[in-house]
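Note sheet for the following structure.
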Amino acid sequence: MIKDTVKQALQDLFPDPEPVVEEPVVETAEEDEADGDKKKPAKKKEKPRLNGVLERDHAEHGYDIDVQLEPGELLAAVMILDKAGFFIESITGVDWIKEKQLEVVYDFSRYDFDVCRVVIRTRTPRSEPSVPTISKIYSGANWHERETHDFFGIKFEGHPHLIPLLLPEDADFHPLLKDFKP
Amino acid sequence: MSGPIHIRSDETFTLNVGPQHPATHGVLRVKMEMDGEYIVKAETVLGYIHRMHELMGENRTYPQVLPNLSRLDYLGALGYTHGHVLAVERAAGIEVPERAEYIRAITVELNRIASHLFWFGAFVMDLGGFTPLMYAIEDREHILDLLEAVTGSRLTYCYYRFGGLYNDVDDDFIAATKAVIPRLRKSLKKYDALVTGNIIFEKRLKDIGPISAEMCRKYGATGPVARGSGIDFDVRKNEPYSVYPEFDFDVPVYHECDSLARYKVRMDEMEQSLRIIEQGIEKLPDGPIMPKKKPKLIKPPKGDYYQAVETARGSFGIRIVSDGTKNAYRFKLRSPTYSNMHMFDEACVGMMIMDALAMMGSLDLVIPEIDR
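Taken in order, these protein sequences are the chains called Y and G. Sequential numbering from 6 applies to the first sequence in this note's numbering. Sequential numbering from 445 applies to the second sequence in this note's numbering.
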């Protein structure tokens with residue numbers, strides 16, 4: 006099963022998934038929570054998700070493996086999928102305005118009958134959103150990244166041609182940001 | 445200006461194809477750098493009919509955004525609305541009665557044939573043959589009449605509902621669909637005799653516009669484009685949804701990777717869709733078309749949901765990020781032609797412009813669906 010091998014390979018990106026106490030990742034997560042709590046009422050909010058690999062039920066979510074990682078580990082994860090023969094499905098963003106973060110979501114799937122959709126997420130600060138480009142690995146990421154840059158203003162470091170694709174060529178607004186006013 | 449004009453032999457010039465050009469079938473612009481008749485570099489410019497359906501999906505409730513989905517692809521609209529209802533049903537956990545799913549499958553396949561028929565006519569017209577378009581439109585008209593009778597519209601359908609359908613099909617529809625199947629079978633044979641073996645047609649397409657399987661993977665190409673490159677990938681088979689596992693049908697795959705292979709895939713697909721419709725009508729169960737228990741207000745629980753469906757153009761995906769309210773927090777549409785068209789920039793380098801436009805036709809572009 007490709008699912009297990011890919012899951013194992015992606016798991017290796019995270020040095021030690023079990024003891025989460027002294028991981029630096031956890032500290033940032035706690036900061037986010039503190040930020041969120043200031044704004045929101047005292048209602049108990051669920052904790053922000055930690056980086057790592059999760060297995061999802063395909064029937065419920067539509068994908069099998071859900072990975073959240075730091076932008077720095079993105080290229081390594083995408084290379085694992087490239088080697089395993091995945092094709093790129095789409096790239097998009099989600100604006101988590103309450104957590105002051107932008108999430109970039111990458112979908113990968115397979116052409117064979119071993120159904121396995123892998124979702125990679127990475128978060129970047131809202132004030133200066135930037136993630137490395139994967140268009141050097143998957144040429145098809147070029148347009149998807151340009152579109153995400155149009156809609157969210159996320160800068161894809163190293164992208165060869167990061168100009169508006171769907172929006173007008175002089176557009177200086179990002180319509181899918183939650184604080185966008187037309 | 446006086447004096448002779450000197451043109452260096454290694455000089456290139458820029459050619460603007462579009463935004464209004466008959467070969468692009470919509471408002472699509474390709475900036476081509478030409479060396480004589482040969483393309484040195486191409487850059488596709490999109491966005492001329494960008495309407496920001498994704499923002500509309502966030503600002504409206506789930507039922508309100510349903511009509512938007514059929515505005516993406518005006519030739520195969522039912523496939524896209526099918527994707528949306530399936531995505532919301534997955535997110536909100538709504539059960540669909542079996543009869544409704546069967547009728548959905550039948551109507552989607554009818555729509556797929558209508559879309560392929562129109563593509564067939566327009567594609568041959570791109571190559572200089574006008575007559576097949578007239579035949580194809582006549583056949584398509586019969587399908588549109590059928591769909592109009594049950595859905596109430598001819599192009600931009602809004603027939604599916606979360607949990608079922610807007611109205612049930614009657615005996616007239618069943619009888620008329622049964623009658624249209626042999627008619628289409630006859631027509632497909634006629635098209636085959638009229639077009640496929642034609643020597644001019646073959647010379648224009650054979651070994652022209654190669655797209656390798658590896659290139660498909662890097663760009664995420666799906667649908668008939670990938671199947672013409674030897675990739676056996678059909679969401680209906682690979683990631684089954686709805687009642688497709690109940691049907692016995694084949695996925696046509698050709699390994700030539702050229703424009704002719706993509707043409708053949710679509711022609712064979714129509715026959716397979718006819719088989720699905722036949723079986724669907726035979727197996728069509730009795731029962732309700734809407735579930736008994738259905739939430740009045742659709743509020744999917746918090747989470748991130750993805751649904752892929754096979755439309756006439758390839759794998760169409762919807763991502764719904766729900767925050768538990770009646771509007772989607774994020775509504776992402778992954779359109780198949782967007783990825784397929786992206787390959788054009790790389791694939792057409794070194795080709796003659798007439799061959800490149802033939803290849804563009806073989807990608808089956810619907811521009812509103814690329815621009816969204």
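Note that beta-carbon positions come from the ideal geometry of N, C-alpha and C, so glycine has one too.
Buried versus exposed, by CB contacts within 10 Å (16 or more), residue i
i, result
"Asp155/Y", "buried"
"Phe92/Y", "buried"
"Gln464/G", "exposed"
"Asp730/G", "exposed"
"Leu15/Y", "buried"
"Leu741/G", "exposed"
"His469/G", "buried"
"Gln13/Y", "exposed"
"Leu490/G", "buried"
"Met804/G", "buried"
"Thr10/Y", "exposed"
"Lys88/Y", "exposed"
"Asp177/Y", "exposed"
"Met785/G", "buried"
Residue i to residue j span [Cα, whole Å]
i, j, result
"Lys622/G", "Arg61/Y", "42 Å"
"Glu533/G", "Met714/G", "28 Å"
"Asp767/G", "Tyr506/G", "13 Å"
"Ser759/G", "Thr551/G", "18 Å"
"Val754/G", "Leu718/G", "Going by the sequence as given, residue 754/G is Glu instead of Val. Their backbone Cα atoms lie some 16 Å apart in a straight line."
"Arg671/G", "His699/G", "8 Å"
"Tyr750/G", "Leu519/G", "24 Å"
"Ala39/Y", "Leu74/Y", "Because the pLDDT at Ala39/Y is just 45, under 50, the model does not fix this residue reliably, and the value given afterwards should be weighed accordingly. Distance between the alpha carbons of Ala39/Y and Leu74/Y is about 20 Å."
"Leu167/Y", "Val120/Y", "33 Å"
"Lys633/G", "Gly572/G", "21 Å"
"Pro169/Y", "Ala802/G", "28 Å"
"Asn460/G", "Glu481/G", "13 Å"
"Leu554/G", "Leu522/G", "9 Å"
"Arg648/G", "Ser806/G", "12 Å"
"Asn512/G", "Val639/G", "36 Å"
"Asp712/G", "Asp175/Y", "45 Å"
"Glu104/Y", "Tyr773/G", "14 Å"
"Ala188/Y", "Pro76/Y", "Past the boundaries of the shown model lies residue 188/Y; chain Y is included only from 6 to 187, so the question cannot be answered."
"Phe606/G", "Val529/G", "5 Å"
"Arg706/G", "Ile652/G", "11 Å"
Contact list for residue i against chain G, beta-carbon separation under 9 Å
i, result
"Gly158/Y", "Within 9 Å Cβ-Cβ: nothing; Gly158/Y doesn't reach chain G, min ~14 Å."
"Gly163/Y", "By Cβ distance, chain G contributes nothing, its closest Cβ being about 17 Å from Gly163/Y, past 9 Å."
"Gly57/Y", "Under the 9 Å cutoff, chain G gives no residues; its nearest Cβ is about 16 Å from Gly57/Y."
"His154/Y", "Neighbours of His154/Y on chain G: none; closest Cβ ~13 Å, over 9 Å."
"Thr129/Y", "Going along chain G, no residue has its Cβ under 9 Å from Thr129/Y, so there is no contact; the nearest lies around 16 Å."
Partners in chain G for residue i, counting only beta-carbon separations shorter than 7 Å
i, result
"Pro180/Y", "Met496 and Leu499"
"Glu94/Y", "Gly664, Gly761 and Arg778"
"Tyr111/Y", "Near Tyr111/Y there are no residues of chain G at all, since even the closest Cβ is about 11 Å away, more than 7 Å."
"Thr10/Y", "The premise fails here: Thr10/Y is roughly 18 Å from chain G at the closest Cβ pair, so nothing lies under 7 Å."
Pair within 7 Å by beta-carbon distance, residue i and residue j
i, j, result
"Ser95/Y", "Asp117/Y", "no"
"Ile70/Y", "Val109/Y", "no"
"Ala544/G", "Leu472/G", "no"
"Asp692/G", "Ile493/G", "no"
"Arg710/G", "Pro668/G", "yes"
"Glu726/G", "Ser779/G", "no"
"Ala756/G", "Arg515/G", "no"
"Ile764/G", "Ala531/G", "yes"
"Ser673/G", "Ile644/G", "no"
"Ala486/G", "Asp808/G", "no"
Proximal residues of chain Y, C-beta to C-beta of residue i below 8 Å
i, result
"Ala771/G", "Reading off the sequence shown, one finds Asn at residue 771/G, where the question assumed Ala. Under the 8 Å cutoff, chain Y gives no residues; its nearest Cβ is about 12 Å from Asn771/G."
"Asp524/G", "The question names Asp, yet the displayed sequence has Tyr at residue 524/G. The premise fails here: Tyr524/G is roughly 15 Å from chain Y at the closest Cβ pair, so nothing lies under 8 Å."
Partners in chain G for residue i, counting only beta-carbon separations shorter than 8 Å
i, result
"Val120/Y", "Asn682 and Glu683"
"Leu172/Y", "Gly491 and His494"
Within chain Y, partners of residue i - CB distance below 7 Å
i, result
"Asp517/G", "Within chain Y, no residue comes near Asp517/G; the closest Cβ sits about 16 Å away, beyond 7 Å."
"Phe677/G", "Tyr116"
"Gln751/G", "Gly67"
"His699/G", "Correct list: empty, because the minimum Cβ distance to chain Y is about 14 Å."
"Ser783/G", "Gly145"
Continuous beta strand (DSSP E) stretch holding residue i: start and end
i, result
"Phe693/G", "Segment: none, Phe693/G is in no beta strand (DSSP E) and carries neither H nor E."
"Arg473/G", "Arg473 to Asp479"
"Ile96/Y", "Phe92 to Trp101"
"Gly758/G", "Gly758 to Ser766"
"Gly747/G", "Gly747 to Thr755"
"Gly501/G", "First-last for Gly501/G: His497 to Asn503, but that is the alpha helix (DSSP H), not the beta strand (DSSP E)."
Endpoints, alpha helix (DSSP H) assigned at residue i
i, result
"Pro136/Y", "Note on residue identity: the sequence assigns Val, not Pro, to residue 136/Y. It is not in any alpha helix (DSSP H) - Val136/Y instead sits in the beta strand (DSSP E) that spans Ser135 to Pro137."
"Pro507/G", "Tyr506 to Leu513"
"Gly805/G", "Ile797 to Ser806"
"Ile550/G", "Glu542 to Asp570"
Where residue i meets chain Y, residues with beta-carbon distance less than 9 Å
i, result
"Glu790/G", "Ser144"
"His786/G", "Ser144, Gly145, Asn147, Trp148 and His149"
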